[in-house]
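First comes the structure, then the notes that go with it.
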Amino acid sequence: MPEIRTQGRNILHFAVLYQRPELVEFLVTAYPEISFITALDANGDSPLKLALELKDAVSVMILLQSIAGKKLVEEFPESLIMAIRIGKEELFDQVLQLSSIEQVTSYCNDEGETALSVAASDGHVGIVQRLLQSGVKPFLQKKGCSKSIVGSIIENLNNVYITKLLLDAMYEELEETSDIDIKALYEAILRKSPLGTFIVFQQSVLFDRIDDSCESPLFHVTRAGNYGALLFLLLSEDFAQRDWISFSSTLPSENDLLRLYLKQELFASDIYILTGTLPDNPRSNFCPS
1 MPEIRTQGRN ILHFAVLYQR PELVEFLVTA YPEISFITAL DANGDSPLKL
51 ALELKDAVSV MILLQSIAGK KLVEEFPESL IMAIRIGKEE LFDQVLQLSS
101 IEQVTSYCND EGETALSVAA SDGHVGIVQR LLQSGVKPFL QKKGCSKSIV
151 GSIIENLNNV YITKLLLDAM YEELEETSDI DIKALYEAIL RKSPLGTFIV
201 FQQSVLFDRI DDSCESPLFH VTRAGNYGAL LFLLLSEDFA QRDWISFSST
251 LPSENDLLRL YLKQELFASD IYILTGTLPD NPRSNFCPS
């Protein structure tokens, strides 16, 4: 039983603190006044905040479904994050329905977390999907939000579903994503992601942007020692169709490789992987163009 202080609390606060949902329901029905239901105690806590802190999902739902539900959520934007942590999707849906999407996108708590980063970090696939479908912009740079959604992707490289959802969203908002975040994500996926996650990444349109670093994907995964990803790339259809893999002879000659390199169809790093040598005067950073 929590310690009960009387100062500044009305009967609804006490009903919540004593976890009496039947009394909470009676009070919000008998006294349907927004000012009563949203009243703050001496600590600045509303009945909704107290119920969420106690993880009393029943009382939270009653408060949200009251006449003051929208006002309660508006005045306590962390309610969505707390609902996610309680882990009941019905409760999350109710809070999301009452929330402003702009507020959900821009709000972060004292730890620098947004609702989306919390859902991703905690592995809630369905919640991540519904947040994105509702219009939450995951890659907008938010003042004071220290935990980027890219960090959440990196934390969840073992969760293929969340990775795919966020990579797809990342493509839609590529202009909003910083180059530093993109580089960190690429390096993490290429270096340590399991094969399933790497395949999701390779199949996304973001994969082509690896070339912006002036090194080939094959070079990246080889240098990182991600041999599962390396084998997948060598056996994948895209790579099998490349001239330097499908020469009529068993292995391409160095002259064949050099010809493709000079035509800017091949990375110097690809030649290095296949032959152990580099062309004379390779272009900067092994970049073919």
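Counting from 1, one number per residue, gives the positions in the sequence shown under full-length UniProt numbering. Positions of the beta carbon are idealized from the N, C-alpha and C atoms, including for glycine.
For residue i and residue j, which I take to be in contact (beta-carbon distance under 8 Å), what is that distance rounded to the nearest angstrom?
i       : j       : result
Arg-9   : Asp-41  : 4 Å
Val-118 : Ile-84  : 5 Å
Ser-66  : Ile-37  : 6 Å
Glu-113 : Ile-81  : 7 Å
Ile-50  : Val-16  : Correcting the residue identity first, residue 50 is Leu in this sequence and not Ile. Going by Cβ atoms, the distance from Leu-50 to Val-16 rounds to 5 Å, so yes, they are a contact pair.
Leu-96  : Pro-138 : Between Pro-138 and Leu-96 the Cβ distance is about 15 Å, and since that is not below 8 Å, they are no contact.
Pro-217 : Phe-207 : 7 Å
Ala-68  : Ile-34  : 4 Å
Consult DSSP for residue i and reduce its assignment to one of helix, strand or coil.
i       : result
Glu-25  : helix
Ser-59  : helix
Ala-240 : Residue confidence is low: Ala-240 scores 48 on pLDDT, short of 50, so the model does not pin down where it sits. No coordinate-derived value is stated.
Ser-193 : coil
Gly-123 : coil
Ser-248 : Residue placement at Ser-248 cannot be trusted, given a pLDDT of 40 that sits under 50; what the coordinates show is reported in the next sentence. It is coil, neither helix nor strand.
Lys-147 : coil
Asp-168 : helix
Lys-49  : helix
Ala-188 : helix
Ile-37  : helix
Leu-157 : coil
Pro-217 : helix
Lys-137 : coil
Leu-231 : helix
Leu-54  : coil
Ala-68  : coil
Asn-226 : coil
Ser-178 : coil
Ala-30  : helix
Thr-163 : helix
Ala-42  : coil
Arg-20  : coil
Asn-10  : coil
Ser-204 : coil
Taking its Cβ as the centre, do 16 or more other Cβ atoms sit within 10 Å of residue i, making it buried, or is it exposed?
i       : result
Ile-11  : exposed
Asn-156 : buried
Gln-103 : exposed
Ala-229 : buried
Asn-43  : exposed
Ile-62  : buried
Thr-105 : buried
Phe-247 : In this prediction, Phe-247 scores a pLDDT of 44, lower than 50, which makes its location untrustworthy; no coordinate-derived value is stated.
Ser-249 : Any reading at Ser-249 must be qualified, since the residue scores a pLDDT of 45, below 50, and its modelled position is unreliable; no value is offered.
Asn-255 : exposed
Ala-30  : exposed
| task | May I have a chain-ordered list of the alpha helix (DSSP H) segments no shorter than 4 residues that lie completely inside the region 71 to 111? | result | 79 to 86, 89 to 98, 101 to 106
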